[in-house]
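K.L.:
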Amino acid sequence: DKALEYAELQGEETVIDAYCGIGTISLFLAKQAKKVYGVEIVPEAIEDAKRNAELNGNTNAEFAVGEAETVIPKWYEEGITADTLVVDPPRKGCDEALLRTIVEMKPKRVVYVSCNPGTLARDLRVLEDGGYVTREVQPVDMFPHTNHVE
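Residues in the sequence shown are numbered consecutively from 1, following this note's numbering.
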């Protein structure tokens with residue numbers, strides 16, 4: 001729910017979901033967006049995302065297999081841009097090439113879902129140096145009784 005809340009979609013936006021996994025966030029946002037593109041490096045996850053889209057009647061979501069730092073710059077070169085860009089990277093955070101593309105693409109809103117506060121801080125510095133302003137940080141305790149937050 002937080003990703004949708006922070007995305008502030010009105011129904012006419014194009015969304016790119018980097019590191020989309022099986023499409024959970026992508027398909028949730030697709031209900032409120034004009035178009036959603038998801039990218040994930042794991043081919044089986046993308047097959048599941050496509051199957052999930054079909055099972056849920058989502059016709060406005062497309063998924064691609066590949067590294068976000070390779071696929072999203074390619075999409076951008078082809079003219080695919082995002083009004084809202086969601087990233088949910090692994091613990092190592094976002095690749096520098098992806099962050100540079102985000103800054104160049106200038107989506108109105110970036111929603112960053114993080115499982116590592118250290119790499120979140122590092123990546124936010126890059127985005128802020130590129131002109132973005134961090135509006136809110138909301139820790140979510142997805143793993144009770146551990147040191148991890150999402």
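In this text, a Cβ means the ideal position worked out from N, Cα and C, and glycines have one as well.
Leaving out five residues on either side along the sequence, give the residues of the same chain with a beta carbon under 7 Å from the beta carbon of residue 236.
P.N.:
Any property of residue 236 remains undetermined from this structure, which presents the chain solely from 1 to 150.
K.L.:
Could you tell me the alpha carbon to alpha carbon distance between residue 152 and residue 127, rounded to whole angstroms?
P.N.:
The structure shown does not extend to residue 152, since the chain is modelled only from 1 through 150, so no value can be given for it.
K.L.:
Can the beta-carbon of residue 55 be found less than 9 Å from the beta-carbon of residue 32?
P.N.:
Their beta carbons are not under 9 Å apart, which means residue 55 does not touch residue 32 by this criterion.
K.L.:
Taking DSSP as the reference, what is the three-state secondary structure of residue 17?
P.N.:
Of the three classes helix, strand and coil, the one that applies to residue 17 here is strand, per DSSP.
K.L.:
Within a Cβ cutoff of 6 Å, which residues of the same chain sit near residue 105, ignoring the five residues on either side of it in sequence?
P.N.:
Counting only Cβ-Cβ distances below 6 Å, and skipping sequence neighbours, we find 76, 81.
K.L.:
Whether or not the stretch 11-30 and the stretch 83-92 are in contact is what I'm after, with contact meaning three or more pairs of Cβ atoms, one per stretch, closer than 8 Å; do they touch?
P.N.:
The answer is yes - the stretch 11-30 touches the stretch 83-92, with three or more Cβ pairs under 8 Å.
K.L.:
According to DSSP, is residue 85 part of a helix, a strand, or is it coil?
P.N.:
Of the three classes helix, strand and coil, the one that applies to residue 85 here is strand, per DSSP.
K.L.:
With respect to the beta strand (DSSP E) encompassing residue 36, which residues constitute its N-terminal and C-terminal limits?
P.N.:
It spans 35-40 - the beta strand (DSSP E) in which residue 36 sits, taken as one unbroken run.
K.L.:
For residue 54, which three-state DSSP category applies?
P.N.:
Helix, per DSSP.
K.L.:
Does DSSP put residue 132 in a helix, in a strand, or in coil?
P.N.:
Coil.
K.L.:
Which one of 115, 11, 111 has the shortest CA to CA distance from residue 133?
P.N.:
Looking at the Cα atoms, 111 is the closest of the given residues.
K.L.:
If we ignore side chains and look at the alpha-carbon of each, how far apart do residue 121 and residue 96 end up?
P.N.:
Looking at the two C-alpha atoms, the distance is approximately 14 Å.
K.L.:
Taking the beta carbon of residue 17 as the centre, do at least 16 other beta carbons fall within 10 Å, making it buried, or is it exposed?
P.N.:
Buried is the call here.
K.L.:
What separation, rounded to the nearest whole angstrom, lies between the Cα atoms of residue 57 and residue 14?
P.N.:
Residue 57 and residue 14: Cα-Cα distance of roughly 18 Å.
K.L.:
Looking at C-alpha atoms only, which residue of 67, 92, 6 is the closest neighbour of residue 42?
P.N.:
Checked all of 67, 92, 6; the closest Cα to residue 42 is 67.
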